[in-house]
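A.B. asks:
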Amino acid sequence: MTAIDPERRLGDRDADRLVSVDEFVDESHRGRLPRSVTGWLTTTDHKALGIAYIVTSMVFLAIGGLLAGIIRAELAQPGIQVVSEQTYNGVFTIHGSVMVYLFAVPFGFGLANYLVPLQIGAPDLAFPRLNAFSYWLYVIGGAVMILGFLSDGGAAAFGWFAYPPLSGMSGSPGLGADLWIVSIILTGTSGTLTAVNVITTVTMMRTPGMTLFRMPILTWNLFITAFMVLLAFPVLSGALVMLEADRQFGTNFFEPVRGGSPILWQHLFWFFGHPEVYIVALPFFGVVSEILPVFSRRPIFGYKGLVLATLAIGALSTSVWAHHMFVTGSVVLPFFALTSFLIAVPTGVKVFNWIGTMWEGSLSFEAPMKFALGFLVTFVGGGITGVMLASPTLDFHLSDSYFVVGHFHYVMGGTVIFAMFAAIYFWWPKVTGRMLSERLATVHFWLLMVGFNMTFFGMHILGRQGMPRRVADYEPIGSFEFWNMVSSVGFVVLTASMVPFLIALVKGLRGPRTVGADPWHANSLEWAATSPPPEHNFTWLPPIRSERPVFDLRWINYEKIGASGSADAWEARQHHDDHWLPLHQWSRDPDEEPTAEQRPVIPDHDGRPTDESGESR
Amino acid sequence: MRLETLLWSGVTVYFGVIGVIYLFVSDDPVGVSVLLSATGLGGLVAGWSWDWGRRHGERIEDQAEADASDATGIVGVYPTESLRPVALAVGSTALLLGIPLGSWLSMIGLAIIASQVMLLVRDLDT
Numbered sequence: 306m307t308a309i310d311p312e313r314r315l316g317d318r319d320a321d322r323l324v325s326v327d328e329f330v331d332e333s334h335r336g337r338l339p340r341s342v343t344g345w346l347t348t349t350d351h352k353a354l355g356i357a358y359i360v361t362s363m364v365f366l367a368i369g370g371l372l373a374g375i376i377r378a379e380l381a382q383p384g385i386q387v388v389s390e391q392t393y394n395g396v397f398t399i400h401g402s403v404m405v406y407l408f409a410v411p412f413g414f415g416l417a418n419y420l421v422p423l424q425i426g427a428p429d430l431a432f433p434r435l436n437a438f439s440y441w442l443y444v445i446g447g448a449v450m451i452l453g454f455l456s457d458g459g460a461a462a463f464g465w466f467a468y469p470p471l472s473g474m475s476g477s478p479g480l481g482a483d484l485w486i487v488s489i490i491l492t493g494t495s496g497t498l499t500a501v502n503v504i505t506t507v508t509m510m511r512t513p514g515m516t517l518f519r520m521p522i523l524t525w526n527l528f529i530t531a532f533m534v535l536l537a538f539p540v541l542s543g544a545l546v547m548l549e550a551d552r553q554f555g556t557n558f559f560e561p562v563r564g565g566s567p568i569l570w571q572h573l574f575w576f577f578g579h580p581e582v583y584i585v586a587l588p589f590f591g592v593v594s595e596i597l598p599v600f601s602r603r604p605i606f607g608y609k610g611l612v613l614a615t616l617a618i619g620a621l622s623t624s625v626w627a628h629h630m631f632v633t634g635s636v637v638l639p640f641f642a643l644t645s646f647l648i649a650v651p652t653g654v655k656v657f658n659w660i661g662t663m664w665e666g667s668l669s670f671e672a673p674m675k676f677a678l679g680f681l682v683t684f685v686g687g688g689i690t691g692v693m694l695a696s697p698t699l700d701f702h703l704s705d706s707y708f709v710v711g712h713f714h715y716v717m718g719g720t721v722i723f724a725m726f727a728a729i730y731f732w733w734p735k736v737t738g739r740m741l742s743e744r745l746a747t748v749h750f751w752l753l754m755v756g757f758n759m760t761f762f763g764m765h766i767l768g769r770q771g772m773p774r775r776v777a778d779y780e781p782i783g784s785f786e787f788w789n790m791v792s793s794v795g796f797v798v799l800t801a802s803m804v805p806f807l808i809a810l811v812k813g814l815r816g817p818r819t820v821g822a823d824p825w826h827a828n829s830l831e832w833a834a835t836s837p838p839p840e841h842n843f844t845w846l847p848p849i850r851s852e853r854p855v856f857d858l859r860w861i862n863y864e865k866i867g868a869s870g871s872a873d874a875w876e877a878r879q880h881h882d883d884h885w886l887p888l889h890q891w892s893r894d895p896d897e898e899p900t901a902e903q904r905p906v907i908p909d910h911d912g913r914p915t916d917e918s919g920e921s922r
Numbered sequence: 307m308r309l310e311t312l313l314w315s316g317v318t319v320y321f322g323v324i325g326v327i328y329l330f331v332s333d334d335p336v337g338v339s340v341l342l343s344a345t346g347l348g349g350l351v352a353g354w355s356w357d358w359g360r361r362h363g364e365r366i367e368d369q370a371e372a373d374a375s376d377a378t379g380i381v382g383v384y385p386t387e388s389l390r391p392v393a394l395a396v397g398s399t400a401l402l403l404g405i406p407l408g409s410w411l412s413m414i415g416l417a418i419i420a421s422q423v424m425l426l427v428r429d430l431d432t
């Protein structure tokens, strides 16, 4: 894959006057990852931990995918062929739990780890050791869940939302259930601590000029996600402690035969569970909000609108929880139906803004853009069925059917998978200093698109015809056989799409580092550092006068393009000593302070800015 | 800090309003308590941000015209590499796994956590 040719979109403008970030960064400052096992075990570097988060979550994605394969193999035909019914229950429980708790959320935390400090010009997260602690809690907690398969009676088999009394001692006497509960408490705690870290970092460690409303949308979304994590995760951890106390210490919170209330669990779980859906999705909304402007060559359409929409989603998502409980008959239907419908408004604003960003843009379809568009398609598809399910009348019919499975695989699976690959293709050059093959990415994208829709679209029809979720067997009535077979074949295509991706990764890791700081001609601050960024991130920072500092720098020699204050800020730097460091700059050796290098804009005797050659503009 | 305070005040007001509405439309004590607890959480952070802003005034990162050179120098020290986070995670896992597996494991977990927290504090002193 080649970097964008700058001349392509210049038209008749003179390309020589475009400023390149590479003029300012020193390639010898490229960061290194830990080289030894001890190095990885002890690292507190946010970039190393971010990569560790992402790699670990991809391993859990593979495990969850393997379990999905078992599910699709079992359901391809009526009858019991592959696993017993009890094992099947364990398989879909751990599939859901791994995908939601151990893959989707931690991948977002991986993005937060790697990108938040870079995007706001900070040298690291606010609490690096706490960050390392969060990561290790997540890894070890995740392993505990998977170990459940080895325990007597198999893994937890009560679905990813663990309704009592099935999840109580009477319903699930095995150790697997306890391991599941312990695992979720550990990973939940890890998430809460990461949220504290992100909020503190964004609040206290922005570089001068990086006001709150100049932060990239991705950082905004991760910031708001952290708010939601802080509200939702402790409720889940508390509920899980209560559940474990019911199982081991003989308390009576949820066990109805002993006077407990299963509805209490459902309220507590879904007060976490619905924000959780948005905790999963918002970071990926942020990812596409970063990618679309770059490949449309336009600023993001309605920056403040997007931020406010995200805030509205964050707020509303915490007051819709009982729409998962419509069929219990003991919730206020109008309240929760109304708030659930309302959430479609800010979500619609976002989709509108994404389309507005591309409208009349100079679009090009490099790999990140392809996957970002794939995200838009699947997300809107899932969003529409979400509006259907928000209506109690329809929900009574469709609840716990395959329609719901189809809905959330579109809205969560599609969002996460497509936007995740968009993120990987987009930031790969930043993280590794190398590019990924564009040709393989195209094959990857189309296989994934076809496989994904084949696997999950038919589920809507299955659910409409009455196929319940969480069954290992079904009668060959209606078109059950046909759509289940289509879905299983689709899963094979979906899995096959990982082959070109893995080949691209292996190829992408070999060969020399050739990529400069800003291969995509992107906007936000992480592209102002070398690829990969140096230890503690920045040896140099451009002035920040808008939400696109790197864009402003690139076009600084042109009038009326980019933020107006940028050129003035360059001139102001003239009056400072060369030996300045960005705020909070870390240095091990004060004698080796990096300096700002040659500046492209020098005022001439009239005080007008000129470019490097001294030619007046 | 003004915007941050505003954000957290927004959280507080939103949950307060929704909590009160929910109190009147439903007879569900769980939802009311979590919503009102969320109000308290938002208020806690909003209050802290407000107080911080009051005591420290406007910060450089909130000024639209500031540049990196306006706040140079080393303002803090980052922790070095450390084995404590891993050890703490192992200890925490052991502490919780002890609940189903036997209290001996919780004891070991507790010992690991206590020792590592003490070592962590010692690390920070130097």
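So the sequence lines, in the order shown, correspond to chains A and B.
First residue of the first sequence? That's 306 in our numbering, and the numbers climb one at a time after it.
First residue of the second sequence? That's 307 in our numbering, and the numbers climb one at a time after it.
Just so it is clear, CB atoms sit at the ideal spot from N, CA and C, and this is done for glycine as well.
Keep in mind that this is a model prediction, so the values were computed, not measured.
Return helix, strand or coil for P773 (chain A), following the three-state DSSP convention.
C.D. replies: As a first step, residue 773 (chain A) must be located in the first sequence, where it is residue number 468. Strand, per DSSP.
A.B. asks: Pick from B:V392, B:T345, B:S409: whose alpha carbon is nearest that of I419 (chain B)?
C.D. replies: Locating residue 419 (chain B) in the second sequence gives position 113, counting from the first residue. Residue B:V392 is the option with its Cα nearest to I419 (chain B).
A.B. asks: How would you write the range of the alpha helix (DSSP H) that T399 (chain B) sits in, first residue to last?
C.D. replies: Here the question's residue 399 (chain B) lines up with position 93 in the second sequence. Residues 390-407.
A.B. asks: Scan the stretch 588-622 of chain A for residues whose Cβ lies nearer than 8 angstroms to a Cβ of chain B and list them as they occur along the chain.
C.D. replies: Along the stretch 588-622 of chain A, going in chain order, the ones with a CB nearer than 8 angstroms to a CB of chain B are L616, A620.
A.B. asks: Could I get the ranges of all uninterrupted beta strand (DSSP E) runs contained in the stretch 332-368 of chain B, with 3 residues as the minimum, in chain order?
C.D. replies: none
A.B. asks: Mind checking if V317 (chain B) is an interface residue toward chain A, Cβ cutoff 9 angstroms exclusive?
C.D. replies: As a working mapping, residue 317 (chain B) is identified with position 11 in the second sequence. Answer yes: the Cβ-Cβ gap between V317 (chain B) and chain A drops below 9 angstroms somewhere.
A.B. asks: Hey, out of A:T556, A:L767, A:A409, A:T530, whose CA is closest to G370 (chain A)'s CA?
C.D. replies: The count along the first sequence starts at 1 and reaches residue 370 (chain A) at position 65. Answer by Cα proximity: A:A409.
A.B. asks: Can you confirm whether G783 (chain A), when its beta carbon is compared against all beta carbons of chain B, has any partner nearer than 9 angstroms?
C.D. replies: By one-based count along the first sequence, residue 783 (chain A) stands at place 478. No, its Cβ sits nowhere closer than 9 angstroms to a Cβ of chain B.
A.B. asks: Interface residues of chain A around G337 (chain B) at Cβ under 8 angstroms?
C.D. replies: Position 31 of the second sequence, counted from the first residue, corresponds to residue 337 (chain B). Residues of chain A passing the Cβ test: H572, F576, W626, A627.
A.B. asks: Against chain B, which members of the stretch 546-558 of chain A pass a CB distance test of less than 7 angstroms?
C.D. replies: Cβ proximity to chain B below 7 angstroms picks out E549, Q553 from the stretch 546-558 of chain A.
A.B. asks: Looking at chain A, is there any beta carbon in it that lies within less than 9 angstroms of the beta carbon of D357 (chain B)?
C.D. replies: For the purposes of this step, residue 357 (chain B) is taken as residue 51 along the second sequence, with counting starting at 1. Chain A contact via Cβ: absent.
A.B. asks: Give the range of the alpha helix (DSSP H) segment to which A877 (chain A) is assigned.
C.D. replies: Counting from one through the first sequence, the residue named residue 877 (chain A) turns up at place 572. Note, A877 (chain A): alpha helix (DSSP H), 870-878.
A.B. asks: Look at the Cβ atom of T311 (chain B), then the Cβ atom of T349 (chain A), and state whether they are nearer than 9 angstroms.
C.D. replies: Reading the second sequence from its first residue, position 5 is the one you call residue 311 (chain B). Reading the first sequence from its first residue, position 44 is the one you call residue 349 (chain A). The answer is no: Cβ separation not under 9 angstroms.
A.B. asks: Comparing the C-beta of S412 (chain B) with each C-beta of chain D, is any distance below 9 angstroms?
C.D. replies: The structure shown contains no chain D; the protein chains it does contain are A and B.
A.B. asks: Grouping DSSP H, G and I as helix and E and B as strand, with all else coil, what is A728 (chain A)?
C.D. replies: Along the first sequence, read from residue 1 onward, the residue named residue 728 (chain A) stands at position 423. Per DSSP, reduced to three states, the secondary structure at A728 (chain A) is helical.
A.B. asks: Does the structure place the stretch 387-407 of chain B close enough to the stretch 336-356 of chain A that three or more beta carbon pairs sit under 8 angstroms?
C.D. replies: yes
A.B. asks: Who are the Cβ neighbours of G446 (chain A) in its own chain at under 6 angstroms, not counting the five residues just before and after it?
C.D. replies: In the first sequence, the residue the question calls residue 446 (chain A) occupies position 141. So the list reads S488, L491, T492, once near-sequence residues are dropped.
A.B. asks: By a C-beta neighbour count over all protein chains shown, 10 Å radius and 16 as the cutoff for buried, is V503 (chain A) buried or exposed?
C.D. replies: In the first sequence, residue 503 (chain A) corresponds to position 198, counting from 1. Under this definition V503 (chain A) is a buried residue.
A.B. asks: Per DSSP, which residues does S706 (chain A) bridge with? Please list them.
C.D. replies: Locating residue 706 (chain A) in the first sequence gives position 401, where the first residue counts as 1. Paired residues: A:P773.
A.B. asks: Contact between the stretch 741-753 of chain A and the stretch 659-666 of chain A: three or more CB pairs below 8 angstroms?
C.D. replies: no
A.B. asks: Would you mind giving the Cβ-Cβ distance between G813 (chain A) and W733 (chain A), rounded to the nearest angstrom? I have them listed as a contact below 8 angstroms.
C.D. replies: On the first sequence, residue 813 (chain A) is found 508 positions in, with the first residue counted as 1. On the first sequence, residue 733 (chain A) is found 428 positions in, with the first residue counted as 1. Taking a contact as a CB-CB distance under 8 angstroms, the pair G813 (chain A) and W733 (chain A) counts as one, their CB atoms being some 7 angstroms apart.
A.B. asks: Taking the alpha helix (DSSP H) that P847 (chain A) falls in, what are its first and last residues?
C.D. replies: The residue you call residue 847 (chain A) lines up with position 542 of the first sequence. From DSSP, P847 (chain A) is part of no alpha helix (DSSP H); its letter is neither H nor E.
A.B. asks: Between L886 (chain A) and chain B, is the shortest Cβ-Cβ distance under 9 angstroms, so that the two count as touching?
C.D. replies: Position 581 of the first sequence, counting from 1, holds the residue named residue 886 (chain A). Residue placement at L886 (chain A) is poorly supported in this model, since its pLDDT is 45, which falls under 50; the coordinates are not used for a value here.
A.B. asks: Please state whether DSSP places A460 (chain A) in a helix, a strand or coil.
C.D. replies: What you label residue 460 (chain A) is simply residue 155 of the first sequence in a count that begins at 1. In this structure, A460 (chain A) counts as strand in the three-state DSSP scheme.
A.B. asks: What residues in its chain sit with their C-beta under 7 angstroms from that of V685 (chain A), if we drop five residues either side in the sequence?
C.D. replies: The residue labelled residue 685 (chain A) in the question sits at position 380 within the first sequence. Only V656 meet the Cβ criterion.
A.B. asks: Measuring alpha carbon to alpha carbon, tell me which residue in A:P469, A:A544, A:M630, A:A777 is nearest Q386 (chain A).
C.D. replies: For the purposes of this step, residue 386 (chain A) is taken as residue 81 along the first sequence, with counting starting at 1. Nearest C-alpha to Q386 (chain A) among A:P469, A:A544, A:M630, A:A777: A:A777.
A.B. asks: For P925 (chain A), which of A:T497, A:I596, A:A874, A:D551 has the nearest alpha-carbon?
C.D. replies: Because residue 925 (chain A) is not part of the residues shown, which for chain A are 306 to 922, the question remains open.
A.B. asks: Tell me whether the stretch 680-695 of chain A and the stretch 705-717 of chain A touch, counting them as touching only if at least three CB pairs, one residue from each stretch, are closer than 8 angstroms.
C.D. replies: yes
A.B. asks: Mind checking whether T512 (chain A) and A620 (chain A) have CB atoms under 9 angstroms apart?
C.D. replies: Translated into the one-based positions of the first sequence, residue 512 (chain A) becomes position 207. Translated into the one-based positions of the first sequence, residue 620 (chain A) becomes position 315. Cβ distance not < 9 angstroms, so T512 (chain A) and A620 (chain A) don't count as in contact.
A.B. asks: Expressed to the nearest angstrom, what Euclidean distance is found between the alpha-carbon atoms of T506 (chain A) and N418 (chain A)?
C.D. replies: Position 201 of the first sequence, counted from the start, is the residue given in the question as residue 506 (chain A). Position 113 of the first sequence, counted from the start, is the residue given in the question as residue 418 (chain A). C-alpha separation (whole angstroms): 10 angstroms.
A.B. asks: Runs of 3 residues minimum, wholly inside the stretch 380-462 of chain A: which ones carry the beta strand (DSSP E) assignment?
C.D. replies: none
A.B. asks: Leaving aside the five residues before and after F796 (chain A) along the sequence, list all residues of the same chain whose C-beta is less than 6 angstroms from its C-beta, in chain order.
C.D. replies: On the first sequence, position 491 is the one that residue 796 (chain A) refers to. Contacts found: R377, T760.
A.B. asks: Which residue marks the beginning of the alpha helix (DSSP H) containing V612 (chain A), and which one marks its end?
C.D. replies: Counted from its first residue, the first sequence places residue 612 (chain A) at position 307. 608-622 is the span of the alpha helix (DSSP H), which, as asked, contains V612 (chain A).
A.B. asks: Could you list the residues in the stretch 335-358 of chain A with a C-beta less than 9 angstroms from some C-beta on chain B, going in chain order?
C.D. replies: P339, T343, G344, L346, T347, T348, T349, D350
A.B. asks: Spatial neighbours of E379 (chain A) within its chain, please: CB distance less than 7 angstroms, with the 5 preceding and 5 following residues excluded, ordered by chain position.
C.D. replies: For the purposes of this step, residue 379 (chain A) is taken as the residue at position 74 of the first sequence. Cβ neighbours of E379 (chain A) beyond the five flanking positions: Q386, V387, V388, Y393, A777.
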